[in-house]
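Protein chains in written order, with my numbering: chain A, 408 to 520; chain B, 84 to 599. The C-beta atom is built at its ideal place from N, Cα and C for all residues, glycine as well. Have a look at the structure below before the remarks.
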Amino acid sequence: MVMSGNEAEERACEILRKLGYEIVARNWRCRYGEVDIVARDGDQLVFVEVKARSNRSFGGPEAAVGRVKQRKILATAGQFLSQTQCCLPVRFDVVAFVKETPTVVRDAFRGDA
Amino acid sequence: MPSVSRVARLTSGAVLGVDAQLIDVQCDISGGLPAFHIVGLPEKEVSESRERIRSAIKNSGYSFPTGRITANLAPADVRKVGVGFDLPIALSILLSSGQIPPLTRRWMFVGELSLSGDLCGIPGVLALAMTAAGQSVDGLVVPMENADEAAMIDRTPVYAASTLTDVAVLVSNPAGAVAHAVDRRAWLDDGSPRPSSGFDCIRGQMQAKRALEISAAGGHNLVMTGPPGAGKSMLARCLPGLLPPLSMDEALETARIYSIAGLLDRAHPMVTRRPFRAPHHTISYAGMVGGGHGVPGPGEISLAHHGVLFLDELPEFDRRVLETLRQPLEDRSILISRAGMGVRYPASFTLVGAMNPCPCGFLGDAQKACTCTLLDIQRYRRRLSGPLLDRVDLFVDVPRVPVDDLFSRRKAEAAESVAARVQRARATQWKRYEGWAGVYANAGLQGDALHEFCRLSAEAETLVKRAVARFHLSARAYVRVLRVARTIADLDHSANIHETHLAEAVQYRAHSIHDE
């Protein structure tokens with residue numbers, strides 16, 4: 408049974424808090440799209456995408472954050488930065504669940520590659 | 084929220100032509116979406132270095148900072164080419180992100196990075212080292228492969244590194260750094276025999292050998308005319324060996340060009356012998372004078388700097404290619420102008436041309452009949468323009484060697500004694516032309532200098548007047564005869580030009596190619 412999106416995001420927040428992240432916003436949305444979690448890790452601002460899958464047969468959930476999704480998150484992050492006047496370096500993480508097992512991928516992608 | 088901004092600065096260098104220039108590398112890391120930009124007129128290969136730098140930093144155990152990274156190469160109006168900026172940019176990122184302590188000395192960094200963080204050699208290090216020596220640079224940090232080359236310029240300490248980590252260790256602990264040194268003299272004189280050895284093995288061809296000697300002694304350009312197989316190429320190959328050995332300055336000048344062209348031997352990165360370049364007659368214009376995409380590279384005439392450029396089958400060369408030789412033969416350098424930039428390469432060489440007397444090659448041969456029509460011959464010779472031939476002082480026939488000479492056991496004069504004579508004549512000229520700008524040898528004599536240094540004795544003057552009348556010499560041909568006579572007199576240790584010198588000089592006029 409696959410976790411629901413909400414359930415996965417809830418679990419992801421817990422995991423991140425344990426890792427020392429400070430949750431800034433959840434399901435922040437704008438015209439470009441939505442970011443599941445915005446958090447602060449030290450002096451970096453982290454945009455987190457949460458993905459859940461029931462098995463690995465179509466590649467890991469990390470692979471599910473494709474180019475189009477990345478671009479959406481980037482645009483949304485840009486919007487977030489300009490609205491909040493934030494000047495911190497930005498990082499993008501992915502929290503992936505396969506069934507119930509979580510994996511945190513720090514610095515999962517960068518916008519400039 | 085607070086803003087984070089850290090700017091790091093360090094020194095590198097850019098090669099443009101044979102000259103290098105110091106480049107200030109600045110790096111700023113600020114907050115915001117991840118981005119990595121290189122600005123300051125980078126060419127494609129410099130922009131591409133971003134991916135190499137990213138991997139090299141990660142694979143050297145450092146972290147590639149998040150945020151917005153901007154690397155600036157100043158001054159921003161100089162085109163940045165080559166892969167030597169990998170190392171300085173990577174270091175500036177490490178400095179800016181606080182992963183290595185601030186620099187305590189003014190180092191200059193150059194080097195290409197591999198994905199694994201290893202440093203690879205780059206072309207043009209000699210030019211960079213020369214530039215560093217003229218500036219207040221405390222040390223030059225280069226890839227291990229280029230260390231010997233950079234150390235040839237002994238005014239700046241050179242530090243060699245194999246990896247990015249090596250460099251980080253070096254700059255963190257400058258006191259523990261050991262400068263790389265080479266024995267410059269030993270490098271220049273590697274003890275191998277001079278390549279003139281073929282000279283004494285050439286049978287017969289006394290006049291051609293004498294012409295080579297005169298050419299070497301006075302820097303005169305030479306054209307040999309003769310049937311196939313007479314030994315023209317073999318003779319030409321002996322010329323570099325007759326010239327005086329390269330001085331340290333000359334060797335460095337030539338090596339600098341080879342360094343930029345990437346032609347220096349990695350194991351022995353020095354030019355120790357006078358170059359002998361013999362491009363094929365199908366060579367393109369860019370191959371001859373220099374060119375190529377981006378910043379123009381040196382051509383054959385610059386690779387022959389302080390040596391010999393041998394053009395076999397002279398009339399077969401493209402007319403346009405031959406005409407481009409005129410300016411460098413005059414100026415001893417070539418200015419290559421391309422969109423938005425001009426690059427000057429030195430090109431001081433002795434031109435040696437070889438050609439057949441006619442398309443079939445046997446005109447004037449004692450045994451084989453020529454099959455060319457008069458028109459063929461005229462067309463063949465017309466390919467060489469007057470202005471080009473004007474810059475050639477010596478014309479010599481290289482006939483087929485008679486059978487008796489070929490099998491003769493008589494040994495010719497040793498190359499060493501000819502070379503010694505040449506060197507003495509050159510020394511006389513250096514002394515004589517001190518203070519005469521533009522005159523480096525007898526071949527450069529013209530105008531005032533010609534009248535000043537080619538005074539004729541009364542008998543010689545009578546002779547030269549007779550020769551001018553008898554052979555219908557033009558004013559141009561007369562000047563040429565004077566220059567050559569000056570060199571013959573120098574070979575003879577004579578302060579004045581005598582009849583005998585003139586009589587010999589008259590023989591090298593261009594009777595067989597041009598009707599003068």
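Proximity to B/PRO148 across B/VAL164, B/ASP160 and B/PHE119 peaks at B/PHE119, based on C-alpha coordinates.
Along the region 108 to 124 of chain B, going in chain order, the ones with a CB nearer than 9 Å to a CB of chain A are ILE112, SER113, GLY114, GLY115, LEU116, PRO117, ALA118, PHE119 and HIS120.
Counting the other Cβ atoms within 10 Å of the Cβ of B/HIS584 gives 16 or more, which makes it buried.
Here B/THR337 is buried. Its C-beta has 16 or more other C-beta atoms within 10 Å. Of all residues in the region 486 to 515 of chain A, only LEU488, THR491, GLN492, CYS493, CYS494, LEU495, PRO496, VAL497, ARG498, PHE499 and ASP514 place a beta-carbon less than 9 Å from a beta-carbon of chain B.
Between the region 172 to 187 of chain B and the region 504 to 511 of chain A, the count of Cβ pairs shorter than 8 Å is below three; the stretches do not touch.
Assigned with DSSP and collapsed to three states, B/ALA588 falls in helix.
Per the DSSP secondary-structure output, B/VAL224 pairs in a beta bridge with B/PHE192 and B/TYR242. When C-beta distances to chain B are compared with 7 Å, the residues of the region 445 to 459 of chain A below that value are ASP450 and GLN451, in chain order.
Think of a sphere of 9 Å around the beta carbon of A/ARG436: no beta carbon from chain B falls inside it, the nearest being about 18 Å out. Interface with chain B (9 Å Cβ-Cβ cutoff): A/LEU423 is excluded. The alpha-carbon separation between B/GLU333 and B/PRO327 amounts to approximately 11 Å.
At least one CB atom of chain B sits nearer than 9 Å to the CB of A/LEU481. Look at A/VAL445 here: in three-state DSSP terms it is strand. At a cut-off of 9 Å between C-beta atoms, B/GLY259 does not count as an interface residue with respect to chain A. Look at A/PHE487 here: in three-state DSSP terms it is helix. Per DSSP, the unbroken beta strand (DSSP E) holding B/ALA437 starts and ends at 432 to 438.
Straight-line measurement puts the Cα of B/LEU471 at about 8 Å from the Cα of B/LEU408. Judged by DSSP in its simplified three-state form, B/MET371 adopts helix. Under the DSSP assignment, B/GLY530 falls in the alpha helix (DSSP H) whose first and last residues are 530 to 536. The residues LEU423, TYR428, GLU429, ILE430, VAL431, VAL453 and VAL455, in chain order, have a CB closer than 7 Å to that of A/ALA446 in the same chain once the five nearest residues on each side in sequence are set aside. In the DSSP assignment, B/ASN155 is bridged to B/GLN109 and B/VAL122. The beta carbon of B/LEU446 sits closer than 6 Å to those of PRO440 and CYS453, all from its chain and outside the five residues before and after it, given in chain order. Of the candidates B/ARG493, B/SER245 and B/PRO398, the residue whose Cα lies closest to the Cα of B/ASP459 is B/PRO398.
Annotated three-state conformation of A/TYR439 is coil, per DSSP.
Exclusion of the five residues before and after B/ILE152 leaves ILE112 and PHE119 as the residues of its chain whose Cβ lies within less than 6 Å of its Cβ. For A/GLU429, the secondary structure class from DSSP, reduced to helix, strand or coil, is strand. Around the beta-carbon of B/THR94, 16 or more other beta-carbon atoms lie within 10 Å, marking it buried. Chain-ordered, the chain A residues with CB closer than 8 Å to the CB of B/THR149 read GLN451, PRO496, VAL497, ARG498, ASP514 and ARG517. Boundaries for A/PRO496: no beta strand (DSSP E) harbours it, and the DSSP string shows neither H nor E there.
Inside the region 246 to 332 of chain B, DSSP marks whole beta strand (DSSP E) runs of 3 or more residues at positions 305 to 308, from first to last along the chain. With three or more CB-CB distances shorter than 8 Å, the region 341 to 359 of chain B counts as touching the region 206 to 216 of chain B.
Comparing alpha-carbon positions, the option among B/ALA543, B/GLU517, B/ALA215 and B/ALA541 lying closest to B/ALA532 turns out to be B/GLU517.
Between the alpha carbons of B/PRO323 and B/ILE176 lies a distance of about 49 Å.
DSSP, read as helix, strand or coil, puts B/VAL567 in helix.
By a beta-carbon distance limit of 8 Å, B/PRO240 does not contact B/ALA212. Their separation comes to about 11 Å.
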